[in-house]
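> Below you will find the structure I want to go over with you.
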Amino acid sequence: METQFPMKQILNEDGIVVNSEYESQMTEELTKELYVMMLRARMFDRKSVNLQRQGRIGTYVPFEGQEAAQVGSSLVLEEGDWMFPTYRDHGATLTYGHSARNLFLYWKGYPMGCVPPEGKNIFPPAVPIASQLLHATGAAWAEQMKGTDRGSIVYFGDGATSEGDFHEGLNFASVYNAPVVFFNQNNGFAISVPTEKQMKSKTIAQKAVAYDIPGVRLDGNDIFVVYFETKKAMDRARRGEGPTLIEAVTYRYGAHTTADDPSKYRDQEESKRRRETTDPLLRLERYLQNKGYFEESWKAQVEEEITKEIEKAVEDMEAYGPAEPSDMFTHVFETPTWSVQDQYDAFKARVKEEV
Amino acid sequence: MSTAVKTQKLTMVQAITDAMATMMREHDDILVLGEDVGKNGGVFRATDGLEAEFGEKRVIDTPLAESGIIGTSIGLAMNGFRPIAEMQFLGFIYPAFNQIMTHASRIRSRTLGTFTVPMVIRAPFGAGVRAPEIHSDSVEALFTHMPGIKVVIPSNAYDAKGLLIASIEDPDPVLFLEPMRCYRSHKLEVPEEKYTVEIGKGARLQEGDDITLIAWGAMVDVIKKAAKEIEEEEGIHCDVLDLRTLYPMDRDLIAESVQKTGRAVIVHEAPGTGGVGNDVVSLINDTSFLYMRAPIKRVTGHDTPVPMCAIEDDYLPNADRVKQAIIETVRF
């Protein structure tokens, strides 16, 4: 089976193009945009880890190492498309236009953090595993019934493929030919459990065979292959040709969350080695250098702009003011039931007394 | 009811079909989806004729996957459609529990109203129809405990149509539970046109000063029977309430009734421990403690799985058990 689903690659670890299929579209402009968005995602992630260490946000879920998978796949979306992320996909949501301030607010524990900018169909991060595949299918199915050419992309990890909802999601999408891209980031670990203890199948892409939909296996650290193959899948969906399962093989350098210790379950030397070999940013930087598109001064300028943007988002997060406890009561139903209203009134009275 | 209103005599299950058809004629965005709801018209014929009238794009035979039905309905609901998802039996809802608990019921709350899930989940439930194992569970309490979802249970044809239409129009997710025993147990005159019965409002079926009987679903017929017999046998006059909605519950109706009678018996077929009857007791404590002349009694199913049908009558509350509770309460 593994040989039927070879890992596609366009750019190898040394930044050399090994597949010229899309070379004409690999313009300087696109390449630089991909690089900037990856750098932005990485800097956002590192900032978040630092904010957590400083106690300025709560537990955080890092994704460093997975930037190519997240940025490359989300950059193909168009206005009106639907995105269903997990709690590890801020690189994707940020790229699709989520507000960095709200992403920080999310990890600070503010309900506002789940709210995307107006008109952006970005769903709040799915916390249960694999359940969001069905929402993506339903939302895409709705677009199909409305007769639009919009679709959904849904993110999930390797562990999610063990859940029933993974299979139900693929099955429903296949039966209804729904315009969904199922985008798997196989980062090798479901918290501490390695892929080989998760499944006997050697690839995730091959699971598509059971649903008679295309399954594609990608080098998830090669942003070109991620971008062009996701675009192909999304275009297919838009043309009414149905869902695609994409497996992007990637690697997270750090912990599952800032609350766990990866040294307990994997070799830390591997993470170090990966930073120098398969890293998505380094690889694209090498390519940019090879093409003569790269200058240190340009990178420094880009870094400065991103730093400013992120600092501003942190400032806005911290200036946001105290969280509003009334949010807990006022959005359970469109109109509060008497029990919610009574509890809200009692809460307000209690808070007033304390002041 | 005005004489101008055209009515037809319907069973409860026919009234449910009629409610869906009435709403689907008005609104193209309403979809019915579930297992066997299309050609077959549902195992109880609740969707009979809908596919013929509205086509298989709106009445959808789904794959056999409860989580899939609810999960995709969530996606459809937040993207402009109003799905009515049928669970073949409430006892089959467990695989979908995760979708309802972790998503449907809290998407509005999580997104501060940015995304909402206006969907209805319909499910037949309850024992007493000699169904196989697991089919007969009454697990309404799992859902009244779930923040963000309403729980509605009609006991007759008129209420069923009005409540289902109200549920479809509700902007939030509603679990609409259909007592199987009531599907064809009687017929009522049901208006042909659209009307609603307000969610959250119970009904007083009989006036009496001595004791309040409270039930929902199939147990409503049981308390009606008990009330009739106890009046004839003992001269005890019962105030008989059908709650119709379990969340939000009709606090005012219950309080008004028990403040008049000073006594209450609550009857449900779900297990007693953690059952919705406990919430009724608690509500009476909150609103009417000083009016009470006797401890409130509950007559419930046992804390056992609903047994196989050869012994299900031993599980279910019946009029005799209710009458016993009434006598003990009145003579306390």
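Chains as they are written, first to last, in my numbering: chain A, 9 to 363; chain B, 622 to 953.
Quick reminder that beta carbons are idealized off the backbone N, C-alpha and C, glycines included.
Computed from a predicted structure; not experimentally measured.
(1) In this structure, does DSSP put tryptophan 90(A) in helix, strand or coil?
(2) With 9 Å set as the bound, which would you pick, yes or no: does the beta-carbon of proline 333(A) sit closer than that to a beta-carbon of chain B?
(3) May I have the straight-line CA-CA distance separating asparagine 195(A) from glutamine 206(A), to the nearest angstrom?
(4) I'd like the list of long-range same chain contacts for proline 768(B), defined as Cβ closer than 8 Å, with 5 residues on each side in sequence excluded.
(5) What residues of chain B sit near glycine 146(A), judged by a beta carbon separation below 9 Å?
(6) Just the C-alpha distance for isoleucine 2(A) and tyrosine 295(A), rounded to the nearest angstrom, thanks.
(7) Can you tell me whether alanine 752(B) is helix, strand or coil according to DSSP?
(8) Output the boundary residues of the alpha helix (DSSP H) element that contains glutamine 60(A).
(9) Kindly indicate which three-state DSSP category leucine 911(B) falls into: helix, strand or coil?
(10) Under the rule that 16 or more other beta-carbon atoms within 10 Å means buried, what is phenylalanine 953(B), buried or exposed?
(11) Would you tell me roughly how many angstroms separate the C-alpha atoms of glutamine 78(A) and aspartate 97(A), rounded to the nearest one?
(12) Comparing the C-beta of serine 688(B) with each C-beta of chain A, is any distance below 9 Å?
(13) Below 8 Å, can you find three or more Cβ-Cβ pairs linking the segment 629–642 of chain B to the segment 767–783 of chain B?
(14) For proline 202(A), is the classification buried or exposed, using 16 other Cβ atoms within 10 angstroms of its Cβ as the cut-off for buried?
(15) Which partner residues does glycine 655(B) have in the DSSP bridge list?
(16) Counting only C-beta atoms, is methionine 365(A) closer than 9 Å to chain B at any point?
(17) Where does asparagine 661(B) land, buried or exposed, given buried means 16+ other C-beta within 10 angstroms?
(18) Mind checking if phenylalanine 341(A) is an interface residue toward chain B, Cβ cutoff 9 Å exclusive?
(19) Any beta-carbon of chain B closer than 9 Å to the one on asparagine 179(A)?
(20) Is the shortest distance between the beta-carbon of methionine 9(A) and the beta-carbons of chain B less than 9 Å?
(21) Verify the CB distance criterion: does isoleucine 742(B) have a CB-CB separation below 9 Å to chain A?
(22) Decide if the segment 316–329 of chain A is in contact with the segment 750–758 of chain B; the criterion is three or more beta carbon pairs, one per stretch, under 8 Å apart.
(23) Of all the options Leu83(A), Glu72(A), Gln17(A), Gly105(A), which has the alpha carbon lying nearest to the alpha carbon of glutamate 41(A)?
(24) So for serine 200(A), helix, strand or coil by DSSP?
(25) Can you give me, in chain order, the residues of the segment 709–722 of chain B that have a beta carbon less than 8 Å from any beta carbon in chain A?
(26) Given a cut-off of 9 Å on the beta-carbon distance, is the pair proline 800(B) and phenylalanine 746(B) in contact?
(27) DSSP on tyrosine 868(B), reduced to helix/strand/coil?
(28) If you reduce the DSSP assignment to three classes, tell me which class leucine 937(B) lands in.
(29) Assuming contact is defined by CB atoms lying nearer than 9 Å, are glycine 655(B) and alanine 706(B) in contact in what I supplied?
(30) Can you list, in chain order, the residues of the segment 71–100 of chain A whose Cβ is nearer than 8 Å to any Cβ on chain B?
(31) Beta carbon of phenylalanine 797(B), beta carbon of alanine 150(A): below 9 Å?
(32) Does the segment 221–230 of chain A come within contact of the segment 241–256 of chain A, defined as at least 3 CB pairs closer than 8 Å?
(33) Should valine 123(A) be flagged as near chain B, meaning a C-beta pair shorter than 9 Å?
(34) Leaving aside the five residues before and after threonine 950(B) along the sequence, list all residues of the same chain whose C-beta is less than 7 Å from its C-beta, in chain order.
(35) What does the alpha-carbon distance come out to for the pair glutamate 75(A) and arginine 805(B)?
(36) Please report how far the alpha carbon of tryptophan 306(A) lies from the alpha carbon of glutamine 214(A), in whole angstroms.
So, from the listed chains and residues:
(1) The three-state reading of DSSP puts tryptophan 90(A) in strand, counting E and B together.
(2) Taking Cβ atoms only, chain B never reaches closer than 9 Å to proline 333(A), which makes this a no.
(3) Our two residues, asparagine 195(A) and glutamine 206(A), have alpha carbons roughly 12 Å apart in a direct line.
(4) Excluding positions up to five away in sequence, the list reads Ser726, Arg727, Ser730.
(5) What glycine 146(A) touches in chain B: Gly692, Thr693, Ser694, Ile695, Gly696, Leu697, Ala698, Met699, Asn700, Phe702, Pro704.
(6) Only positions 9 to 363 of chain A appear in this structure, which leaves residue 2(A) out of reach.
(7) DSSP places alanine 752(B) in coil when its eight states are reduced to three.
(8) For glutamine 60(A), the enclosing alpha helix (DSSP H) covers residues 36–61.
(9) Reduced to three states, the DSSP call for leucine 911(B) is helix.
(10) Exposure of phenylalanine 953(B) is indicated by the presence of fewer than 16 other C-beta atoms within 10 angstroms of its C-beta.
(11) Cα to Cα, the separation comes out at about 7 Å.
(12) Output row for serine 688(B): interface = yes.
(13) With the cut-off at 8 Å, the segment 629–642 of chain B and the segment 767–783 of chain B touch.
(14) Using a 10 angstroms sphere on the CB of proline 202(A), the tally of other CB atoms stays under 16, which defines it as exposed.
(15) Per DSSP, Asp682(B), Glu707(B).
(16) Absent from the model: residue 365(A). The displayed extent of chain A is 9 to 363, so no value can be given.
(17) By the neighbour-count rule (16 or more Cβ atoms within 10 Å), asparagine 661(B) is not buried but exposed.
(18) So yes, phenylalanine 341(A) belongs to the interface.
(19) So yes, asparagine 179(A) belongs to the interface.
(20) Contacts with chain B at 9 Å (Cβ-Cβ) do not include methionine 9(A).
(21) It does not: the Cβ of isoleucine 742(B) has no partner Cβ on chain A nearer than 9 Å.
(22) No, they do not touch.
(23) Cα-wise, what sits closest to glutamate 41(A) is Leu83(A).
(24) Serine 200(A): coil per DSSP, three-state reduction.
(25) Those residues of the segment 709–722 of chain B that come within reach of chain A (Cβ to Cβ, closer than 8 Å) are Pro716, Asn719, Gln720.
(26) Going by C-beta atoms, proline 800(B) is nearer than 9 Å to phenylalanine 746(B).
(27) The answer is strand: DSSP assigns tyrosine 868(B) an E or B state.
(28) Correct three-state label for leucine 937(B): coil.
(29) Closer than 9 Å, so yes.
(30) Within the segment 71–100 of chain A, contact with chain B at the beta-carbon level (separation under 8 Å) is assigned to Trp90.
(31) No.
(32) Judged by pairs of C-beta atoms under 8 Å, the segment 221–230 of chain A touches the segment 241–256 of chain A, as three or more such pairs exist.
(33) Output row for valine 123(A): interface = yes.
(34) When the five nearest sequence neighbours on each side are left out, the beta carbons in the same chain lying within less than 7 Å of the beta carbon of threonine 950(B) are those of Ile832, Arg884, Val886, Ala915, Lys918, in order along the chain.
(35) Whole-angstrom Cα-Cα distance: 59 Å.
(36) Going by the C-alpha atoms only, they are around 41 Å apart.
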